[in-house]
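These notes concern the structure reproduced below.
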Amino acid sequence: MRSVYIIGGQQRSARPLFADDRHWYEYQKGLILQADLDSGAAAQVLEYISPTEVRGQEDPILFKCATFHDDRLYACTQTEVLIYALPSFERVAYISLPCFNDVHHVRPTPAGNLLVVNTGLEMILEITLSGEIVHEWNVLGEDPWEHYSRQIDYRKGVSTKPHRAHPNYVFYVGDEIWITRFEQRDAICLADPLRRIDIGGRRVHDGVLHDGLLYFTLVEGKVVVANPQTLKIEEVIDLNAIAGADTLLGWCRGLMFDGPRAWIGFTRIRPTKFREAVSWVRQGFQRVLPSHIACYELERRRCVAEIDVELPGLNAVFSIVPGRDSAVQTEPAEPSKALMPNLSLRQGAEAIQ
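Just so we're aligned, residue 18 is where the sequence shown starts under our numbering, counting upward by one.
In structure tokens, the structure reads:
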């Protein structure tokens, strides 16, 4: 069975589209689904709630961006790093440090350490599996602790927003460590920040190296293709144009290549405290799609499959990674949990009034 794991979070309650509700970002648990790519059946394989000692009482709980490597899933919540053996999902490592605040991504290094995107403190951390900090980088080129205190436990309900850089995702180009910066709309090399890819004024999330090219997801529903040698953009693929002008795909993040095809994640658009972050959502949309993942033939500008992830309980999508050969529960309560062709998913979309 070919499958993927879909990593993200579940909301405490459903929120109407564009409702005036400052508590819209209320996630009650981290959630991982496994989806069969042939049948489209999807089911929960792991749910997780952060312990109260590593989070504020009202803080959201969800998984952010994860990495799959050597039968290990490197996952993170806003204040924790968790490593799971696959396919059993036995937890084999756990780290939570007082400096963790709005962690967005974790991945292993070639030396066996971890790179942690500590978004709330505008940092990238290299840490050992025992939690020792080996290196700290501020993504704006400043002293990492110039604006922060080592005496504060940043896990306990401390907000550092608005972020000046909001680093999202860490990746390698050869032996160089690179990071995407949401507010600067770019990706930079940590060792030499002058080595920079300008995403062209667009808000960037993931950065994935595939077949010698870099693929960046843009939250507004585009994929930017860049050359890591020249640091120039070669192509911008508009997924909204593929979907149709009347359809709102959702907040785009999560990218996994499956041979020549790409699976991309979308989170249903909801209100945001910082409304300028979704200024690209304008009038003219007639339907908003549920949170889902979609398979694209990027060269042919074609979407070939979509899987609704809200039906099995996932509301926010952060990552898509290859699944292992454990069985997916294929006895959903309703047959509509199976793989949906484009028309079926859009027929189930919510109309925008």
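Ideal Cβ positions, reconstructed from N, Cα and C, are used throughout, including at glycine.
Cα-Cα separation between Ile194 and Arg285, rounded to whole angstroms: 31 Å
Would Arg227 pass as a contact of Phe274 if the rule is Cβ separation under 8 Å? Before going on, a small fix: residue 227 reads as His here, not Arg. The answer is yes: Cβ separation under 8 Å.
Quick one: is Gly337 buried, meaning 16 or more other Cβ sit within 10 Å of its Cβ, or exposed? One detail in the question is off: residue 337 reads as Ile in this sequence, not Gly. Buried: at least 16 other Cβ atoms inside 10 Å.
Using 8 Å as the threshold, is the stretch 163-180 in touch with the stretch 206-213, meaning 3 or more CB pairs across them? Segments in contact, no.
Per DSSP, which one or two residues make a beta bridge with Asn155? Met140
Only counting the same chain, and skipping five residues up and downstream in sequence, which positions put a Cβ closer than 8 Å to that of Lys46? Gly26, Gln27, Glu64, Tyr65, Ile66, Ile78, Leu79
What number of angstroms, rounded off, separates the C-alpha of Trp154 from the C-alpha of Asp160? Between the alpha carbons of Trp154 and Asp160 lies a gap of roughly 8 Å.
Check for me: the beta strand (DSSP E) holding Ala92 runs from which residue to which? Note, Ala92: beta strand (DSSP E), 89-93.
Considering only their Cβ atoms, is the gap separating Val221 from Thr247 smaller than 8 Å? Thr247 is not a Cβ neighbour of Val221, given a cutoff of 8 Å.
Cutoff 6 Å; reference Arg29; Cβ partners in own chain excluding five residues on either side: Glu43, Gln45
If Ala372 and Leu50 are in contact, beta carbons under 8 Å, what's the gap, nearest whole angstrom? Residue 372 lies beyond the residue range present for the chain, which begins at 18 and ends at 370; the question has no answer from this structure.
Bridge partners for Pro245 per DSSP, in chain order? Answer is none; Pro245 lacks a bridge partner.
Can you list the beta strand (DSSP E) stretches of 3 or more residues lying completely in the stretch 176-226, in chain order? Within the stretch 176-226, the complete beta strand (DSSP E) runs of at least 3 residues are 184-190, 193-198, 203-206, 213-215.
Note the first and the last residue of the continuous beta strand (DSSP E) segment covering Ala322. Per DSSP, the unbroken beta strand (DSSP E) holding Ala322 starts and ends at 319-325.
Residues near Gly267 in its chain [Cβ-Cβ closer than 7 Å; skip 5 each side]: Phe283, Thr284, Arg285, Ile286, Leu306, Ser308
Label Lys239 either buried or exposed according to how many other C-beta atoms from any shown protein chain fall within 10 Å of its C-beta, with 16 as the threshold for buried. buried
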